[in-house]
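Each number in the working numbering corresponds to the 1-based position in the sequence shown with 29 added. Each residue gets a CB set at the ideal place from its N, CA and C atoms; glycine is no exception.
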Amino acid sequence: MPAPLFYLLRRFAPMNGFLGTRASLMLDVVFLAMFAVVPILGWSIYLVRIKQNYLLHKRVQVTLSLVLLVAVTLFEIDMRFITGWESAAEKSPYYASGLVWNALKVHLVFAVTTACIWTLVVIRALRNIPSPPGPSPHSDWHKRWAWIAALDMLGTAVTGWVFYYLAFVAT
Ligand code: HEM
């Protein structure tokens, strides 16, 4: 990772978030970002399914994937090596019973499977769907797994919001 980026992360990430909860800046950014990711994904599926606008669907999905890759990498570095989340979550009434940890485990199942399936769907689409994009012999595979990836992403968002509430909002 480039040194200036690491410096910026170490300098700003441990700051308090802007939503007025116990969460750090990065947690607030990701929590809010998921409220944008879900409608953008819905719009992209509408574009391809209803409007048959294959090219815009491709552009939206590739851009979303790149933005998510950068955001998730920065988020993981911050959670694992810089700010973490547990000291803020310990103040939750649900921490001692283990509910916060259980909510995180459920969320991680969704997040990890989404990352794997999503990566596969994008790489296989870029390799097998012709350019400019449109219906092809890869369509059946793409439709099945892309729907699974999309619903998995929705599950990641919902379980992430539940975890955020239990860990950083509940008093
Ligand atoms: C993870 C990323 C992606 C997701 C979640 C996704 C999602 C979807 C979904 C749910 C459909 C089916 C819509 C329906 O029910 O009719 C679809 C169709 C399609 N997608 Fe994607 N997509 C992704 C990436 C891509 C990429 C990168 C391309 C281009 C290279 C692409 C090109 C297409 C095309 C051409 C169709 C129409 C297939 C047909 O109707 O024959 N998609 N996508």
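Any idea if residue i is buried or exposed, counting beta-carbon neighbours within 10 angstroms, 16 or more meaning buried?
i, result
"Leu103", "buried"
"Ala99", "The sequence shown places Val at residue 99, rather than the Ala named in the question. Exposed, since its Cβ has fewer than 16 Cβ neighbours within 10 Å."
"Tyr36", "exposed"
"Arg156", "exposed"
"Val101", "exposed"
"Ala65", "exposed"
Would you mind stating whether residue i and residue j have Cβ atoms separated by less than 7 Å?
i, j, result
"Ser94", "Ala196", "no"
"Gly189", "Met108", "no"
"Val150", "Trp176", "no"
"Tyr75", "Gly163", "no"
"Thr185", "Thr143", "yes"
"Arg39", "Ile111", "yes"
"Ala42", "Leu54", "yes"
"Ala199", "His171", "no"
"Val77", "His86", "yes"
Cα-Cα, which of the options is closest to residue i?
i, options, result
"Val89", "Ser73, Gly127, Val77", "Ser73"
"Tyr124", "Phe41, Tyr194, Pro31", "Tyr194"
"Leu180", "Pro159, Ala140, Pro161, Ser168", "Ala140"
"Gly113", "Ile69, Val187, Ser126, Arg51", "Arg51"
"Leu137", "Val187, Ala65, Ser168, Ile69", "Val187"
"Ile152", "Lys134, Val135, Ala178, Leu128", "Ala178"
Return the Cβ separation of residue i and residue j in integer angstroms, given the expectation that the two are a contact with Cβ distance under 8 Å.
i, j, result
"Val191", "Ala132", "6 Å"
"Met182", "Trp130", "The Cβ separation is near 23 Å, so there is no contact."
"Gly71", "Asp57", "Wrong, their Cβ atoms sit about 23 Å apart, outside the cutoff."
"Pro159", "Ser165", "6 Å"
Compare the C-beta of residue i against all C-beta atoms of chain B and say whether one is closer than 7 Å.
i, result
"Pro166", "The chain inventory of the structure shown lacks chain B, comprising one protein chain alone."
**Prompt:** Listed in chain order, which residues are found with a beta carbon closer than 6 Å to a heavy atom of the ligand HEM?
**Reply:** Ile74, Val77, Arg78, Tyr83, His86, Lys87, Gln90, Val91, Trp147, Val150, Val151, Ala154, Leu155, Ile158, Pro162, Gly163, Pro164, Ser168, His171, Lys172, Ala175, Trp176, Ala178, Ala179
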